[in-house]
DNA sequence: TCAAGTTGTCTATTATCATAGACAACTTCA
DNA sequence: TGAAGTTGTCTATGATAATAGACAACTTGA
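Residue numbers (the numbering used here), protein chains in the order written: chain A, 34 to 274; chain B, 34 to 274.
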């Protein structure tokens, strides 16, 4: 294990990332004991204090738990999230035995940019409702989602969402009985400051960015979204037909 | 724009990430001029020297180019990468007008872990060939791929791959005329040190991790892989049927 | 009970990060 | 030509990161 200096990432943070990767890919199973601080310091070739700082950061995020005199133990797991044409957050979370929740952060009206207009089959500048929301599993925030809908077709959508807290129910309120995912685009980046705060995520953590558009049974665009998932809390499953 | 202290990520690095996000999502188009250093320092509320360090890092990675007296300009773009049941690296890169290349890093034999055995429909401990390779578009490394195949069915696969430098050609060499993607699993994490060096990627950058298994026309598993893509160089397109 | 191994806390030192100000070198445009 | 705006380079200072060593507090197992 060789680390990199002057990359703009503190050494303790690199060690923390390394241990977290070990947890994520199963090298350290949940409940299992990590190697001792001295041994970790040895493998990464850093001072024990640097390892302690890394472990403290992981402990604060709830990934590990230190027991004095005994050792440091692994705590957590990832949420499996299928990407298919019928994608419903509440169903996916519920299937994992966890309690899904949604919450409105902000809603406002704004004109369509050229790209949003193209996705929604509208003209540039057409009035849109922008809905910013956070979705949680139990009490853990999973993703921040920004959705855009036509303000003409869905007037007052922001207020409706504030009540029903679900995109499926919002669409049903306007008479949309069924819909499906038309396109999905996945990439990854580093979380920005405002998303970090809302996802309860440290700066510098990766997020999975999903751009998608939902259409009705006739293929007519309903809503287009950009969702940012805390990468450390989910794994996407792509279904290949 | 508010940044975060003592997150283990240096301020200049946070600014660099912010600017890079701006480039990635099109706020700053290729060829366009960035705001001046003083203006950037102002929006992020940091010292101009901190901004200069951020820009220097981006310039070193080739994302921007500074012109004295004039300004700093944007350089690069992302590779569009469809995830479908028929996924061939060379075809995807070639379609973008770039030259695909593959290169063997390492090949060795190792026994199947329980998980690898399950994916490949073998028994735990069965002999596998592990092939580590890097794939490039023009001269830019795009991903590092670790592939596992049955050593019984594909004897000497490592040597074959070293010659043909393509998984499709390797399989053809053993009489596999066609194959398709059976499962795909996407997540993201921070790059580890050895991948960082091979992808020519700075530490702390995100990578998209794709776990997948290819099967023949009868649905029999051929090869299972874990590929790590430099997130800043690709975007995945998920096809929803 | 006791030795070995673990995490927790303290002091101290050096290198890097971030800020601050001043001015040079260069480009752009009126 | 000249003024305004840009990037490049220098010096200086305080805060934070990382190292190093010593020892306390606690757990485990022989």
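A virtual CB, placed ideally from N, CA and C, is assigned to each residue, including glycine. All of these numbers come straight from a predicted model, not from anything done at the bench.
Please state the DSSP three-state secondary structure of residue 78/B. Of the three classes helix, strand and coil, the one that applies to residue 78/B here is coil, per DSSP.
Looking at residue 194/A: is its Cβ nearer than 7 angstroms to the Cβ of residue 137/A? yes
Coarse secondary structure for residue 61/B, derived from DSSP in three states: coil
Would a check of beta-carbon distances place residue 145/B closer than 7 angstroms to chain A? no
Enumerated in chain order, which unbroken segments of the alpha helix (DSSP H) with a length of 4 residues or greater are wholly contained in the stretch 184 to 251 of chain B? DSSP runs (the alpha helix (DSSP H)) wholly in the stretch 184 to 251 of chain B: 190 to 197, 200 to 206 and 226 to 232.
What separation, rounded to the nearest whole angstrom, lies between the Cα atoms of residue 52/B and residue 50/A? So the alpha carbons of these two residues sit roughly 23 angstroms apart.
For the stretch 245 to 255 of chain B and the stretch 204 to 216 of chain B, state whether three or more C-beta atom pairs, one from each stretch, are separated by less than 8 angstroms. yes
Measuring only between beta-carbons, confirm whether residue 237/B sits less than 7 angstroms from chain A. yes
For residue 281/B, collect the residues of the same chain with a Cβ closer than 6 angstroms to its Cβ; drop the 5 residues on either side in sequence, then sort them by chain order. Any answer about residue 281/B is impossible in this case: the structure gives chain B only from 34 up to 274.
Under 7 angstroms, Cβ to Cβ, is there at least one residue of chain B near residue 50/A? yes
CB contact below 7 angstroms: residue 61/A versus chain B: no
Whose C-beta lies closer than 8 angstroms to the C-beta of residue 61/A among residues of the same chain, with five residues either side of it excluded? 52, 55, 67 and 107
Assuming residue 219/A and residue 219/B are in contact, meaning their beta carbons sit under 8 angstroms apart, how far apart are those beta carbons, in whole angstroms? Confirmed, about 6 angstroms.
How do the stretch 260 to 267 of chain B and the stretch 226 to 242 of chain B stand: do at least 3 beta-carbon pairs fall below 8 angstroms, yes or no? yes
If we define contact as Cβ-Cβ less than 7 angstroms, is residue 221/A a contact residue for chain B? yes
Counting C-beta neighbours from all protein chains within 10 Å, is the total for residue 110/A 16 or more, i.e. buried, or is it exposed? exposed
Helix, strand or coil for residue 50/B per DSSP? helix
Tell me the start and end of each unbroken beta strand (DSSP E) in the stretch 133 to 176 of chain B that is at least 3 residues and wholly inside, in chain order. 133 to 144 and 160 to 170
Neighbour list for residue 43/B in chain A, Cβ cutoff strictly below 8 angstroms: 41, 42 and 43
Taking buried to mean at least 16 other C-beta atoms within 10 Å of its own C-beta, is residue 152/A buried or exposed? buried
Considering Cα atoms alone, identify which of 69/A, 229/A and 102/A is closest to residue 87/A. 69/A
Enclosing alpha helix (DSSP H) for residue 128/B [first to last residue]: From DSSP, the alpha helix (DSSP H) with residue 128/B extends over 122 to 128.
Residue 175/A versus 254/A, 213/A, 42/A and 228/A, residue with shortest Cα-Cα distance: 228/A
Exposed or buried, what is residue 157/B when buried is set at 16 or more other beta-carbons lying within 10 Å of its beta-carbon? Exposed: under 16 other Cβ atoms inside 10 Å.
Determine the chain A residues that contact residue 90/B at a beta-carbon separation under 8 angstroms, and present them in chain order. 41
Does the beta carbon of residue 255/B sit closer than 7 angstroms to a beta carbon anywhere in chain A? No, residue 255/B lies away from the interface with chain A (no Cβ there is under 7 angstroms from its Cβ).
Residue 119/B and residue 213/B - do their beta-carbons sit closer together than 7 angstroms? In this structure, residue 119/B lies closer than 7 angstroms to residue 213/B by Cβ.
Using the rule of at least 16 other Cβ atoms within 10 Å of the residue's Cβ for burial, across every protein chain shown, is residue 46/A buried or exposed? buried
Measure the CB-CB distance between residue 272/B and residue 117/B and report whether it falls below 7 angstroms. yes
Show which residues of chain A have a CB atom less than 7 angstroms away from the CB atom of residue 268/B. 218 and 220
Spatial neighbours of residue 144/B within its chain, please: C-beta separation below 6 angstroms, excluding the five flanking residues on both sides. Around residue 144/B: 158.
Can the beta-carbon of residue 113/A be found closer than 7 angstroms to that of residue 270/A? yes
Out of 40/A, 255/A, 182/A and 172/A, which has the shortest C-alpha to C-alpha gap to residue 210/A? 255/A
Assuming residue 169/B contacts residue 142/B (C-beta within less than 8 angstroms), just tell me the rounded distance between them. That pair is no contact at about 26 angstroms.
Separation of residue 257/B from residue 115/B, as counted between CA atoms: Computed Cα separation, rounded: 18 angstroms.
Could you list which residues in chain A have their beta carbon closer than 9 angstroms to that of residue 225/B, in chain order? 34, 50, 51 and 54
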